[in-house]
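Step one of this worksheet: look at the structure below.
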Ligand code: SF4
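This is the structure:
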């Protein structure tokens with residue numbers, strides 16, 4: 011619910027792009043032409059449409075930009091358009107969930123992701139409306155005005171399975187350390203995996219900037235000078251050993267504030283230093299760094 015409330019309360023911020031106006035206009039015309047074809051009106055030049063004709067077109071639109079939420083609140087989707095599926099006499103024989111697509115139309119059939127998205131709207135709509143008429147899901151490609159129907163079995167079971175898979179688990183997911191993913195990961199102070207991977211050589215130490223797990227030997231809270239002892243990992247669960255490796259550091263700005271706060275709180279445990287800048291034998295820490303208590307998280311601590 012929390013994520014949904016935030017999502018719904020967040021306004022979209024489309025950026026107005028002057029150079030895209032022609033494409034946007036073509037897309038609008040393309041989408042309108044498809045809508046007209048769905049209202050059994052045949053080909054009409056858009057500039058010749060009468061008020062009565064437009065009302066007729068509007069009458070087949072059952073909802074637009076509608077939000078679908080499953081009864082349990084777990085699944086949600088926003089559909090572009092729900093229109094009546096008319097037979098040759100103009101009577102409604104079902105519903106069409108339409109998603110307007112501005113991208114490249116498929117050559118033959120819809121790709122798997124788009125098909126899944128469309129079927130998700132279809133199946134969610136059916137689940138919410140038990141007395142539904144026949145429902146079809148279609149991708150309307152404005153660029154060449156083609157309609158592609160998504161057929162296939164329901165995707166709701168998979169959607170619920172995906173929802174379950176996203177729930178926080180008691181045990182963390184298996185770590186997959188690597189230079190790319192660990193490089194910008196903000197969870198290192200809680201993750202024992204990368205530190206063990208550094209020991210095992212799976213992760214390179216980094217040359218200019220590197221992360222360290224240390225103990226403070228000395229810290230001068232006025233000048234920001236510190237002496238740290240490197241704490242190499244013991245095992246894979248975040249336990250640490252002592253070492254002879256000591257190095258000096260100069261802390262400034264955010265790093266200094268964080269270090270002061272930690273030391274003032276009486277903290278004596280190991281410290282994670284994120285992104286220190288190596289300069290010969292000493293390191294520099296500043297606004298680009300993190301100074302956090304080393305807190306390997308091996309199990310969920312949610313209540
Ligand atoms: S630091 Fe840990 S959590 Fe982050 S990417 Fe590396 S292994 Fe994954």
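Residue numbers (this note's numbering): 11 to 313. Beta carbons are placed, not taken as given, at the ideal position from N, Cα and C, and that holds for glycine. All of these numbers come straight from a predicted model, not from anything done at the bench.
Inset, instruction - Please indicate yes or no: does the CB of residue 155 lie closer than 7 Å to some heavy atom of the ligand SF4? - result: As a position in the chain shown, residue 155 is number 145, starting the count at 1. No, since every heavy atom of the ligand SF4 falls outside the 7 Å radius drawn around the Cβ of residue 155.
Legend entry - Beta-carbon contacts of residue 97 that lie in its chain and below 7 Å, excluding the five residues immediately before and after: Taking the first residue of the chain shown as position 1, residue 97 is located at position 87. Same-chain partners within the cutoff: 103.
Inset, instruction - Counting only the same chain and skipping the five closest in sequence on each side, list residues whose C-beta sits under 8 Å from that of residue 14. - result: Taking the first residue of the chain shown as position 1, residue 14 is located at position 4. Contacts found: 79, 83, 86.
Legend entry - Of the listed residues 69, 65, 70, 226, nearest to residue 252 (C-alpha basis): Here residue 252 refers to the residue found at position 242 of the chain shown. Looking at the Cα atoms, 226 is the closest of the given residues.
Legend entry - Proximity below 8 Å, CB of residue 74 to CB of residue 90: Within the chain shown, numbered from 1, the residue matching residue 74 stands at position 64. Within the chain shown, numbered from 1, the residue matching residue 90 stands at position 80. Yes, Cβ-Cβ distance for residue 74 and residue 90 is below 8 Å.
Inset, instruction - Flag residue 185 as yes when its Cβ comes closer than 7 Å to any non-hydrogen atom of the ligand SF4, and as no otherwise. - result: Along the chain shown, read from residue 1 onward, the residue named residue 185 stands at position 175. Residue 185 Cβ: within cutoff of the ligand SF4.
Inset, instruction - Using a threshold of 8 Å, state whether the C-beta atoms of residue 223 and residue 205 are closer than that. - result: Locating residue 223 in the chain shown gives position 213, where the first residue counts as 1. Locating residue 205 in the chain shown gives position 195, where the first residue counts as 1. It is a contact, given that the beta carbons lie within the stated cut-off.
Legend entry - Heavy atom of the ligand SF4 within 7 Å of residue 198 beta-carbon: Working through the chain shown from its first residue, we reach residue 198 at position 188. For the ligand SF4, at least one heavy atom lies less than 7 Å from the Cβ of residue 198.
Legend entry - Rounded separation between residue 56 and residue 183 - CA only: Residue mapping note: residue 56 aligns to position 46 of the chain shown, counting from 1. Residue mapping note: residue 183 aligns to position 173 of the chain shown, counting from 1. The straight-line gap from Cα to Cα measures roughly 55 Å.
Legend entry - Cβ-based neighbour list, residue 144, same chain, cut-off 6 Å, excluding 5 preceding and 5 following: The count along the chain shown starts at 1 and reaches residue 144 at position 134. Hits under 6 Å: 104.
Inset, instruction - From the DSSP output, read off the bridge partner residues of residue 43. - result: Residue numbering aside, residue 43 sits at position 33 when the chain shown is read from its first letter. Note: residue 43 sits in no beta bridge, so no partner.
Inset, instruction - Check the Cβ-Cβ distances between residue 44 and every residue of chain C, and say whether any is below 8 Å. - result: The structure shown has no chain C; it contains just one protein chain.
Legend entry - Closest residue to residue 117 among 58, 135, 151 (Cα-Cα distance): Indexing the chain shown from 1 puts residue 117 at position 107. Selected option, being the one with the closest Cα: 151.
Legend entry - Check: residue 191 C-beta below 7 Å from any heavy atom of the ligand SF4: Walking along the chain shown from the start, residue 191 turns up at place 181. Residue 191 Cβ: within cutoff of the ligand SF4.
Inset, instruction - Whole angstroms is fine: what's the gap from residue 276's alpha carbon to residue 235's? - result: To locate residue 276, count along the chain shown from 1; it is residue 266. To locate residue 235, count along the chain shown from 1; it is residue 225. Their Cα atoms are separated by approximately 18 Å.
Legend entry - Reference residue 130; option with closest CA among 148, 141, 119, 65: On the chain shown, position 120 is the one that residue 130 refers to. When each option's Cα is compared against that of residue 130, the closest is 148.
Legend entry - Cutoff 7 Å; reference residue 43; Cβ partners in own chain excluding five residues on either side: Here residue 43 refers to the residue found at position 33 when the chain shown is read from its first residue. Contacts found: 155.
Legend entry - N- and C-terminal bounds of the beta strand (DSSP E) containing residue 86: The sequence position of residue 86 within the chain shown is 76, counting from 1. Segment 86-96, the beta strand (DSSP E) holding residue 86.
Inset, instruction - Run the proximity test for residue 150: is its beta-carbon closer than 7 Å to any non-hydrogen atom belonging to the ligand SF4? - result: Stepping through the chain shown from its first residue, residue 150 is reached at position 140. For the ligand SF4, not one heavy atom lies less than 7 Å from the Cβ of residue 150.
Legend entry - For residue 104, the three-state DSSP class (helix, strand or coil): Taking the chain shown and counting its residues from 1, one reaches residue 104 at position 94. Three-state result, residue 104: strand.
Legend entry - contact_flag[the region 125-140, the region 170-187] where n(CB pairs < 8 Å) is 3 or more: no
Legend entry - Buried or exposed by the 16-neighbour rule on C-beta atoms within 10 Å, applied to residue 19: Within the chain shown, the letter at position 9 stands for residue 19. Residue 19 is exposed by the Cβ-count criterion.
Legend entry - Where the beta strand (DSSP E) containing residue 150 begins and where it ends: Along the chain shown, read from residue 1 onward, the residue named residue 150 stands at position 140. Note, residue 150: beta strand (DSSP E), 145-151.
Legend entry - Residue span of the beta strand (DSSP E) that contains residue 282, given as start and end: Position 272 of the chain shown, counted from the start, is the residue given in the question as residue 282. 281-289 is the extent of the beta strand (DSSP E) around residue 282.
Inset, instruction - Using 7 Å as the cut-off, classify the Cβ of residue 201 as near or not near the heavy atoms of the ligand SF4, replying yes or no. - result: Position 191 of the chain shown, counted from the start, is the residue given in the question as residue 201. Within the cutoff, so yes.
Legend entry - First through last residue of the alpha helix (DSSP H) which encompasses residue 208: Locating residue 208 in the chain shown gives position 198, counting from the first residue. 203-210 is the extent of the alpha helix (DSSP H) around residue 208.
Inset, instruction - Express the C-alpha separation of residue 258 and residue 291 in angstroms, rounding to a whole number. - result: Taking the chain shown and counting its residues from 1, one reaches residue 291 at position 281. Taking the chain shown and counting its residues from 1, one reaches residue 258 at position 248. Each residue's Cα considered, the two are about 7 Å apart.
Inset, instruction - Check whether the region 203-220 touches the region 256-274, counting contact only when three or more Cβ pairs, one atom from each stretch, lie closer than 8 Å. - result: no
Inset, instruction - Report yes or no: do three or more beta-carbon pairs, one from the region 288-303 and one from the region 239-255, lie closer than 8 Å? - result: no
Legend entry - Euclidean distance between Cα positions of residue 311 and residue 198: As a first step, residue 311 must be located in the chain shown, where it is residue number 301. As a first step, residue 198 must be located in the chain shown, where it is residue number 188. Approximately 17 Å between the Cα atoms of the pair.
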